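Novice: Numbering (my numbering), first residue to last: 9 to 138.
Structure below; questions to follow.
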(Lines of atoms letter the chains of each structure in order from A and count residues from 1; the text may use other names and numbers.)
(Lines give C-alpha, C1' and ligand atoms only; values in the text may rest on other atoms or scores of the structure.)
Protein backbone atom coordinates (compact mmCIF):
# COMPACT_ATOMS: atom_id res chain seq x y z
CA UNK A 1 0.00 0.00 0.00
CA UNK A 2 1.40 3.37 -1.01
CA UNK A 3 0.41 6.23 1.27
CA UNK A 4 1.20 9.91 0.64
CA UNK A 5 1.63 11.57 4.03
CA UNK A 6 2.23 15.28 3.46
CA UNK A 7 5.48 17.06 4.23
CA UNK A 8 8.67 15.11 4.82
CA UNK A 9 8.51 16.03 8.50
CA UNK A 10 4.98 14.63 8.80
CA UNK A 11 5.96 11.54 6.82
CA UNK A 12 8.92 10.92 9.11
CA UNK A 13 6.71 11.31 12.21
CA UNK A 14 4.19 8.82 10.79
CA UNK A 15 7.01 6.43 9.91
CA UNK A 16 8.34 6.52 13.47
CA UNK A 17 4.87 5.67 14.78
CA UNK A 18 3.69 2.97 12.35
CA UNK A 19 7.02 1.44 11.22
CA UNK A 20 6.21 1.02 7.52
CA UNK A 21 8.04 -1.35 5.20
CA UNK A 22 9.70 1.58 3.37
CA UNK A 23 9.65 5.37 3.57
CA UNK A 24 10.51 7.73 0.72
CA UNK A 25 11.30 11.32 1.68
CA UNK A 26 11.37 13.73 -1.25
CA UNK A 27 14.45 15.57 -0.01
CA UNK A 28 16.47 12.33 0.00
CA UNK A 29 15.95 11.69 -3.72
CA UNK A 30 18.65 14.06 -5.06
CA UNK A 31 21.25 12.33 -2.90
CA UNK A 32 23.21 9.52 -4.44
CA UNK A 33 22.18 5.93 -4.07
CA UNK A 34 24.54 3.13 -3.02
CA UNK A 35 25.97 2.92 -6.55
CA UNK A 36 26.91 6.63 -6.54
CA UNK A 37 24.23 7.66 -9.05
CA UNK A 38 21.28 9.97 -8.41
CA UNK A 39 18.11 8.08 -7.49
CA UNK A 40 15.67 7.92 -10.38
CA UNK A 41 12.06 6.79 -10.45
CA UNK A 42 13.15 3.54 -12.11
CA UNK A 43 15.80 2.88 -9.43
CA UNK A 44 13.28 3.57 -6.66
CA UNK A 45 10.77 1.17 -8.19
CA UNK A 46 13.52 -1.45 -8.48
CA UNK A 47 14.50 -0.91 -4.81
CA UNK A 48 10.92 -1.29 -3.62
CA UNK A 49 10.40 -4.40 -5.77
CA UNK A 50 13.61 -6.00 -4.45
CA UNK A 51 12.59 -5.16 -0.89
CA UNK A 52 9.19 -6.81 -1.37
CA UNK A 53 10.82 -9.93 -2.85
CA UNK A 54 13.18 -10.20 0.14
CA UNK A 55 10.29 -9.57 2.52
CA UNK A 56 8.38 -12.45 0.98
CA UNK A 57 11.40 -14.77 1.00
CA UNK A 58 12.21 -14.04 4.64
CA UNK A 59 8.76 -13.67 6.21
CA UNK A 60 6.29 -14.94 3.57
CA UNK A 61 4.61 -11.51 3.63
CA UNK A 62 3.13 -10.51 0.28
CA UNK A 63 2.34 -6.89 1.11
CA UNK A 64 3.75 -3.88 2.89
CA UNK A 65 3.25 -0.20 3.56
CA UNK A 66 5.27 2.44 1.75
CA UNK A 67 5.06 6.04 2.91
CA UNK A 68 5.80 8.81 0.41
CA UNK A 69 6.19 12.48 1.26
CA UNK A 70 4.59 15.22 -0.84
CA UNK A 71 6.77 16.82 -3.45
CA UNK A 72 8.12 13.41 -4.37
CA UNK A 73 8.06 14.05 -8.12
CA UNK A 74 9.61 17.51 -7.79
CA UNK A 75 12.89 16.01 -6.59
CA UNK A 76 13.23 13.42 -9.36
CA UNK A 77 15.93 14.08 -11.97
CA UNK A 78 14.48 15.62 -15.15
CA UNK A 79 11.00 16.13 -13.63
CA UNK A 80 11.25 19.93 -13.91
CA UNK A 81 12.17 19.42 -17.58
CA UNK A 82 9.14 17.16 -18.02
CA UNK A 83 6.83 19.80 -16.54
CA UNK A 84 8.38 22.46 -18.79
CA UNK A 85 7.95 20.33 -21.92
CA UNK A 86 4.33 19.56 -21.00
CA UNK A 87 3.66 23.30 -20.54
CA UNK A 88 5.21 23.94 -23.96
CA UNK A 89 2.96 21.28 -25.47
CA UNK A 90 -0.10 22.93 -23.93
CA UNK A 91 0.93 26.43 -25.01
CA UNK A 92 1.70 25.42 -28.59
CA UNK A 93 -1.30 23.13 -28.99
CA UNK A 94 -3.32 24.29 -32.04
CA UNK A 95 -6.79 23.12 -30.94
CA UNK A 96 -8.08 25.28 -28.06
CA UNK A 97 -11.25 23.20 -27.68
CA UNK A 98 -9.43 19.86 -27.41
CA UNK A 99 -6.43 19.69 -25.06
CA UNK A 100 -3.47 17.45 -25.92
CA UNK A 101 -3.76 13.78 -25.05
CA UNK A 102 -1.30 11.40 -23.46
CA UNK A 103 -0.58 10.00 -26.93
CA UNK A 104 0.27 13.51 -28.13
CA UNK A 105 2.69 13.92 -25.23
CA UNK A 106 4.33 10.59 -26.09
CA UNK A 107 5.14 11.94 -29.56
CA UNK A 108 6.26 15.38 -28.33
CA UNK A 109 8.48 14.70 -25.29
CA UNK A 110 12.27 14.38 -25.41
CA UNK A 111 13.74 10.95 -24.53
CA UNK A 112 14.76 11.78 -20.90
CA UNK A 113 11.33 13.29 -20.18
CA UNK A 114 9.54 10.49 -21.99
CA UNK A 115 11.35 7.95 -19.82
CA UNK A 116 9.89 9.55 -16.68
CA UNK A 117 6.46 10.18 -18.22
CA UNK A 118 5.83 6.54 -19.17
CA UNK A 119 6.62 5.42 -15.62
CA UNK A 120 4.01 7.71 -14.04
CA UNK A 121 0.49 6.57 -13.18
CA UNK A 122 -2.06 7.53 -15.83
CA UNK A 123 -3.74 10.05 -13.50
CA UNK A 124 -0.44 11.93 -13.13
CA UNK A 125 0.17 11.76 -16.88
CA UNK A 126 -3.27 13.33 -17.42
CA UNK A 127 -2.54 16.05 -14.86
CA UNK A 128 0.71 16.98 -16.61
CA UNK A 129 -0.73 17.03 -20.13
CA UNK A 130 -4.01 18.88 -19.48
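Beta carbons are placed, not taken as given, at the ideal position from N, Cα and C, and that holds for glycine.
Every value quoted in this text rests on a predicted model; they were computed, and no experiment measured them.
Work out the CA separation of residue 73 and residue 89 for me, nearest whole Å.
Specialist: 30 Å
Novice: For a test of the three-state rule: what should DSSP assign to residue 84, helix, strand or coil?
Specialist: coil
Novice: Just how far apart, CA to CA, sit residue 126 and residue 51?
Specialist: 14 Å
Novice: Report the rounded CA-to-CA distance for residue 102 versus residue 117, giving the unit in angstroms.
Specialist: 17 Å
Novice: Have a look at residue 2 and residue 95 and give me their C-alpha separation to the nearest angstrom.
Specialist: For residue 2 there is no data in the structure shown, the boundaries of the chain being 9 and 138.
Novice: Report the residue from 35, 137 and 23 whose alpha carbon sits nearest the alpha carbon of residue 92.
Specialist: 137
Novice: For residue 71, count neighbouring Cβ atoms within 10 angstroms of its own Cβ and tell me buried if that reaches 16, exposed if not.
Specialist: exposed
Novice: Following the continuous alpha helix (DSSP H) through residue 61, name the residue where it begins and the one where it ends.
Specialist: 49-67
Novice: DSSP three-state call for residue 74: helix, strand or coil?
Specialist: strand
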